[in-house]
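Novice: A single structure is presented below for examination.
Protein chains in written order, with our numbering: chain A, 164 to 537; chain H, 5 to 374.
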């Protein structure tokens, strides 16, 4: 039987009709991207501010108060408590009611006035290492600036080296600029792989797939026809994320929209193929969901560089990331959104996306046949 | 009505485990999945920066400039991944993502060091990953400044900030994240698995058979939930063992506190799972609903993102999230050695939420099942 586009479209139409009845899948497909965008855009960030701080000021002089005010004025620290005794510190940090305690020694103003060095203690709750590292960096900078100011007393400083630092592509270092383009890669994985692995596992569990196989259509027509509606859903999601990202969260879209859509399509097709492969391997919905979570969602979330840099991973896990398609797609979305680079720079990733799509379709068609034979 | 019978519940639990044994792949997954999650979260969830790829344009090419670069690589934060005399190559390296940081040292670097005005060093950072960029930029500036300070014979700064990180002196983010995986695993097992397993029986029609058996509705629910509670507890033990033996995470406090918290948290997670199964007709619906709940529960728990960095509104919302309270317990016990007296608020919140959710779920379940 020759390949017939009309039969393919008929299958796609049947799939679409079925999908329309399946309200919760549609909710997941369209609400989840919105939910994730809202959470990542509004609720979540690593930007550390308002670090809950207590001060044990043993000096109680105008100088020590000015020093504490410098912390307050920075906006990074919110000084909540004035301690009387050092014995109070332990309970405060253990309970987590403050994150940092600043201890100013009794001779603070005296030594500083006499130009003698003085030690101030910053005790930080290190259990959340990320926040603690950032808090200490702020404390260090504020202390240095304050010390410089008192020492120089208006004189001009002549540092031997000045750094001229610039941040490219995301000039203000906003985490949402990093998250939104990456989120597209993660959402696609969820929608494409998880949705299909489930809907198709269901058809197999219920036996409706055999009915489909008994109709006069070829295998590739069935597979491609089944994929088509999900490709459309995926592309709608990409557009939705991009529009909301640019419009609500001011994420720059500097590169070519056409290139973004082309490579997104390839990525979606590959993910869909992966979904069919999973459902064929799992046969049951319960197992398919767990497998889909482990093989598509978690790697796309954690091993793609979406939130956490790949360089920091141990060598073994770094090797694994080369097998995660989201890793390459993330370079594409961030490259197009933030760097504004084109096909010349993204050549390798682009070819990999197309390869992923071809492998995905091949896997899908191959395993589709195998499942029907048994 | 007959009395609540432990024997009948036990029979039900036995039946569940027999059924589970028939699905070896699922059983294996239930044990392997926590370990995979542990490895992923243990290694991947880290915003530490080390060995950041650095592209160097050293136009000075003097002893001084090499010393500066040496200082950067010696810190362990930077690894020189490429170099050239042409600044255009640096631009291309950043564009391609071949380097995260670019350092450009101008030709007049060495002589300018000793002249008024000083030398200038350009540092470029790829900001697409805003986290790594912030941290890397901070390190780079500090290293260059320290290098300059060593050259200039000036008096040291008047205030010396003595930093001490309590509970985690090395500031290892792993010690913070690994224990928290316990929470995400309980949630995964109890929420996703429970809801799917119950709805599966409904889809196949075996739930009706159970309904007409002499089991009372509450016994049925208890019998359905207990196996997953047991699997959840087993997973907790497995995760704790791996965390201690492999990741060498310290357990400062008493594990009994963690276990008590886990049991309370299990109630909440099972309650949510049961609630989802009560409002879902098919496994697919159950999964979609669970997943839609799972994401916000994880993201708004402080698992990966500190609660303190969230805006006020979300900050309040997290108080309704049982996972948030449970993670505070787990982390405080593992790292700080906190006890019941330090954590009574979290325990109170969990002991209110768990029974309330279960009660609500059982009520809804009986209505929709009948």
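Ideal Cβ placement from N, Cα and C applies to all residues, glycine included. All of these numbers come straight from a predicted model, not from anything done at the bench.
(1) Count the C-beta pairs between the stretch 436-444 of chain A and the stretch 278-296 of chain H that are closer than 8 angstroms, then say yes if the count reaches three, no if not.
(2) Taking only beta carbons into account, state which residues of the stretch 204-216 of chain A come closer than 8 angstroms to chain H, listed in chain order.
(3) Using a beta-carbon distance below 8 angstroms, is residue 393/A in contact with chain H?
(4) Would you say residue 328/H and residue 305/H are within 8 angstroms of each other, going by their C-beta atoms?
(5) Residue 49/H versus chain A: which residues are under 9 angstroms apart at the beta carbon?
(6) Taking 8 angstroms as the threshold (C-beta atoms), are residue 354/H and residue 265/H in contact?
(7) Residues bridged to residue 504/A by DSSP?
(8) If contact means a Cβ-Cβ distance below 8 angstroms, which residues of the stretch 486-506 of chain A contact chain H?
(9) Report yes or no: do the stretch 350-368 of chain A and the stretch 393-410 of chain A share at least 3 C-beta pairs separated by less than 8 angstroms?
(10) Contact check, residue 79/H vs residue 147/H under 8 angstroms by CB: the rounded distance?
(11) Alpha carbon to alpha carbon, what distance is there between residue 231/A and residue 304/A?
(12) How far does the alpha helix (DSSP H) with residue 126/H in it reach, from first residue to last?
(13) Buried or exposed for residue 365/H, please, with buried defined as at least 16 other CB atoms from any protein chain shown within 10 angstroms of its CB.
(14) Hey, does residue 367/A have any beta-carbon neighbour from chain H nearer than 8 angstroms?
(15) Return the residues of the stretch 24-53 of chain H that lie within a Cβ-Cβ distance of less than 9 angstroms from chain A, sorted by chain order.
(16) Listed from N- to C-terminal order along the chain, which residues in the stretch 238-251 of chain A have their beta-carbon within a distance smaller than 7 angstroms of any beta-carbon of chain H?
(17) Using a Cβ-Cβ cut-off of 8 angstroms, state whether residue 334/A counts as contacting chain H.
(18) Identify which residue in 322/H, 350/H and 77/H has its Cα closest to the Cα of residue 334/H.
(19) Can you tell me which of 476/A, 434/A, 266/A and 468/A puts its alpha carbon nearest to the alpha carbon of residue 526/A?
(20) I believe residue 417/A touches residue 502/A by the beta-carbon criterion, under 8 angstroms. Please report the beta-carbon distance rounded to the nearest angstrom.
(21) From 431/A, 449/A, 291/A and 498/A, pick the residue whose C-alpha is nearest to that of residue 368/A; which is it?
(22) Label residue 32/H either buried or exposed according to how many other C-beta atoms from any shown protein chain fall within 10 Å of its C-beta, with 16 as the threshold for buried.
(23) Tell me, please, whether the CB atom of residue 184/A is closer than 8 angstroms to any CB atom in chain H?
(24) Identify the contact partners of residue 214/H in chain A, using a Cβ-Cβ distance below 8 angstroms as the criterion.
(25) For a cutoff of 8 angstroms on Cβ pairs, would you count residue 94/H as touching chain A?
(26) Roughly how many angstroms separate the alpha carbons of residue 347/H and residue 138/H, rounded to a whole number?
(27) Which whole-angstrom value is the C-beta distance of residue 313/H and residue 208/A, which I expect to be below 8 angstroms?
(28) I'd like to know whether the C-beta atoms of residue 259/A and residue 493/A end up nearer to each other than 8 angstroms.
(29) Put residue 23/H into one of helix, strand or coil per three-state DSSP.
(30) In the DSSP assignment, find the beta strand (DSSP E) that holds residue 192/H and state where it starts and stops.
(31) Using the beta-carbon count (16 or more within 10 Å), is residue 213/H buried or exposed?
(32) Which of the three DSSP states, helix, strand or coil, is assigned to residue 106/H?
(33) Do you know how far the Cα of residue 326/H is from the Cα of residue 301/H?
(34) Buried or exposed for residue 469/A, please, with buried defined as at least 16 other CB atoms from any protein chain shown within 10 angstroms of its CB.
(35) As an exercise, report each continuous alpha helix (DSSP H) stretch of at least 4 residues that is fully enclosed by the stretch 170-254 of chain H, in chain order.
(36) Give me, in chain order, the residues of the same chain whose beta-carbon lies closer than 6 angstroms to that of residue 233/A; leave out the 5 immediate sequence neighbours on both sides.
Specialist: Inspection of the coordinates gives the following:
(1) no
(2) 205, 206, 207, 208, 209, 210, 211, 212, 213, 214 and 215
(3) no
(4) yes
(5) 465, 470 and 471
(6) yes
(7) The partner list for residue 504/A (beta bridge, DSSP) is empty, contrary to what the question assumes.
(8) 494, 497, 498, 501, 502 and 504
(9) yes
(10) 6 angstroms
(11) 14 angstroms
(12) Element bounds for residue 126/H: not the alpha helix (DSSP H) but the beta strand (DSSP E), 123-130.
(13) Classification for residue 365/H: buried.
(14) No, because no Cβ of chain H sits closer than 8 angstroms to the Cβ of residue 367/A.
(15) 27, 29, 30, 33, 34, 36, 37, 40, 41, 43, 44, 45, 47, 48, 49, 50, 51, 52 and 53
(16) none
(17) yes
(18) 350/H
(19) 434/A
(20) 7 angstroms
(21) Taking only the C-alpha atoms, the option nearest residue 368/A is 449/A.
(22) Answer is exposed; the Cβ neighbour count stays below 16.
(23) Residue 184/A does not count as touching chain H.
(24) Correct list: empty, because the minimum Cβ distance to chain A is about 18 angstroms.
(25) no
(26) 34 angstroms
(27) 5 angstroms
(28) No, Cβ-Cβ distance for residue 259/A and residue 493/A is not below 8 angstroms.
(29) helix
(30) That residue, residue 192/H, is in no beta strand (DSSP E); it is neither H nor E in DSSP.
(31) exposed
(32) strand
(33) 8 angstroms
(34) buried
(35) 177-191, 198-208, 210-216 and 221-249
(36) 305 and 309
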